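Below is one structure, written out as C-alpha cells, with a few remarks after it.
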Amino acid sequence: MRPTTRARAFVAAILSVSCAPPASFAQQASVRPRVHVIATGGTISNMGNDPRRTGAELVAGIPGLDQVAEVTSEQFSNVASGAVTQEMLRDLATKIRGLQKEANPPAGVIVTHGTDTMEETAFFLDLTVGGCAPVILTGAMRQANWAGADGPANLLNSVRLAASPDARGRGAMLLMNDEVFLAREVTKSNTTRLNAFSAPEAGPAGVTDPDGIFFRAPPPATCAPPLVDIDRVESFARVDIVYSYISADSALVDALVDAGARGLVVAGVGRGGTTPSQGRALRRAVDRGVIVVVSNRTGGGRVGRPTNPEILRDLPVGAGATIGAGDLNPQKARMLLSLALASGLKPADIATLITSVQ
Ligand code: GLU
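366 is the number of the first residue of the sequence shown in my numbering; add one for each residue after it.
Set out below in C-alpha cells:
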C-alpha cells in the first residue's frame, strides 16, 4: 500500500471519516463540466492603487473560458495571503466539502490565492477535503495590471485541470506557470519569478501544455476520504515554528511555551539538529506536554528521527512527544500538527498521523 493510502486508511479508522464520492464524472461529462472558482485575493486580484479584482471579474476577463467549462464563482475574501488565518481555512474546507455534497457538485474547485502562503492553504485543503473532485490552488506572480500578468493563463489552465477527468482523486494541487504540483510536495522557492514554485523531492506532478494536461503518474484507482475530519476541528491551539541557527538559545522556545504553545515545529539545522541550549529548552517543552515536531531548514531531504541528543534523551515520558517531520517542510509540518491538535488527537495518535503522511 502506498504511504498516503496507508495514512488515509489509518485516519479513516481513528476518525471514522466517511466520504461518499459525488456523481460520477461520466454523468457530468455529458454536459459541459462545471468548475467553481472561490476567490480569496492575492496578486492575481491586485490592481495596485485601484480596487482589487473580484473572482467574477477574473473569470470574465478570460475570453473563451466558457468553452472549456461552465465556470461559476464566489468571493470568499479579497486579501493578501499573509492575512489568511486557519479559521478562514477551516471555513473554506467546510465550504468545499459542502459543494461536494450538492446534488450537482462541481467537477473541480479552484481557489485563487496569494502565492506567499498558498502551499499552506493547499496542504490544509488536501488534508481536510478529500473526495474525487480536485481542488486547484492558483494565483499570480505579476499583478493584474502589470505587463505580462500571469494570472489569466494560470486561471485558464486551472479551469482546464479542474475539468479534466485525469485530475480526479488527486486531492489538492497547485498550478502555476504551466506546472501542476501536489499540495503535499510543493513549496514556494522564489520570491519574484514566474517559476516560483517547486517540489524539491518530487518535481512537478504534471504539466498543462497547449495540447493537453499530462501527469507523470496515473490517478489513484479510488478517491480517498480526507485525512482530517474538518467537522471535528473547532479551535486551533497555538503552534509555532522555531528556527535553529548558530548560537540560537533557549529564550524563544521557553517564551513560546509560556505563551501557551501546545505544539512546536523545529526548523532544525541539517537532519533536524539544534544548538544544545535550544535542544534543552525543547526537552523542557516536551516535559510540559508540548508536542515537538522536528523538520529542517535546508529546503529538501527528510528528518526521520530527530538527531539532537538533548531532545532524544529518555523520550517520551510525559504527555508530550518528539516526532520527525519526514520530508514535510516546517510550515507543512506545522499545519499538520495544528490540525492534529485541533482534532483532539492524543500524542501517540498525532505521532502515528504525522509519520503516516511521510
Ligand atoms: N504575494 C502576495 C500574497 O501572497 C500578494 C499580496 C497581494 O498583492 O495581494 O498574497
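The beta-carbon is built from N, C-alpha and C at its ideal position, and this holds for glycine as well. A quick note: this is a predicted structure, and the numbers were derived from the prediction, not measured.
Asked                                                                                                     : Found
Gln-451: first and last residue of the uninterrupted alpha helix (DSSP H) it sits in                      : 451 to 465
Closest residue to Arg-535 among Trp-511, Leu-520 and Phe-488 (Cα-Cα distance)                            : Phe-488
Identity of the residue in Gly-669, Ile-475 and Asn-414 nearest Phe-441 by Cα                             : Ile-475
Distance, Arg-699 Cα to Ser-609 Cα                                                                        : 15 Å
Meets three-Cβ-pair contact criterion under 8 Å: the segment 584 to 593 and the segment 615 to 628        : no
Alpha carbon of Ser-446 to alpha carbon of Ala-716, nearest angstrom                                      : 29 Å
When His-478, Ile-461 and Thr-477 are compared against Pro-757, the one with the closest alpha-carbon     : Examination of residue 757 is not possible in this model, given that the chain is present from 366 through 723 alone.
Sequence-distant residues of its chain with Cβ nearer than 7 Å to Leu-430 (five each side left out)       : Val-424, Val-436, Leu-521 and Val-524
Complete beta strand (DSSP E) runs within the segment 641 to 673 (minimum length 3 residues, chain order) : 656 to 661
N-terminal and C-terminal residue of the beta strand (DSSP E) that Gly-577 is part of                     : 577 to 580
Assigned secondary structure, Phe-390 (DSSP; H/G/I helix, E/B strand, else coil)                          : In this predicted model, Phe-390 has a pLDDT of only 42, less than 50, meaning its place in the structure is not dependable; the value taken from the coordinates is given anyway. Looking at Phe-390 - three-state DSSP - the assignment turns out to be helix.
As assigned by DSSP and simplified to three states, the class of Ala-378                                  : Because Ala-378 sits at a pLDDT of 38, beneath the cut-off of 50, its placement in the model cannot be relied upon, and the following sentence gives the value as read from the coordinates. Reduced to three states, the DSSP call for Ala-378 is helix.
Closer than 5 Å: residues whose CB approaches a heavy atom of ligand 1                                    : Gly-407, Thr-408, Asn-411, Ala-445, Ser-446, Gly-479, Thr-480 and Asp-481
Same chain only: Cβ atoms within 7 Å of Val-598, ignoring 5 sequence neighbours per side                  : Arg-455, Leu-704, Ala-707 and Ser-708
Distance, Arg-648 Cα to Val-722 Cα                                                                        : 24 Å
Three-pair Cβ contact test at 8 Å for the segment 653 to 670 versus the segment 532 to 551                : no
Proximal residues to Pro-398 (C-beta, below 6 Å), its chain only, five neighbours per side dropped        : Ala-434, Ala-472 and Ala-528
Proximity to Glu-467 [Cα-Cα], best of His-401, Thr-477 and Leu-701                                        : His-401
Buried or exposed by the 16-neighbour rule on C-beta atoms within 10 Å, applied to Phe-579                : exposed
Inter-residue Cα distance where the pair is Ala-624 and Val-630                                           : 15 Å
Among Ala-602, Asn-694 and Ala-632, nearest to Glu-452 - alpha-carbon criterion                           : Ala-602
Where the beta strand (DSSP E) through Arg-699 begins and ends                                            : From DSSP, Arg-699 is part of no beta strand (DSSP E) but of the alpha helix (DSSP H) over 695 to 707.
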